[in-house]
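First comes the structure, then the notes that go with it.
Residue numbers (my numbering): 58 to 136.
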């Protein structure tokens, strides 16, 4: 399974945290959720924590699913 990468976070003055993935906004955390996130990101693998909190956590099977005949396009034979 590939390790998550490209995540970053920014603390704002109002206490909120903005999560980004490859330069695009992926989520905003406020209040208790922001505090919990900051505590977790400082103690664990930051990229993995941010991937989990944004819901962008990949399971490693996307490449296999992409090559499945069902996803190749064209007619499926169903009517």
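All C-beta atoms, glycine included, are put in the ideal place defined by N, C-alpha and C.
A quick note: this is a predicted structure, and the numbers were derived from the prediction, not measured.
In the three-state reduction of the DSSP assignment, residue 112 falls in the coil class. The residue among 83, 79, 110, 124 with its C-alpha nearest the C-alpha of residue 95 is 110.
Secondary structure of residue 89 (DSSP, three-state): helix.
Relative to residue 64, the option among 127, 84, 98, 104 whose CA is nearest is 104.
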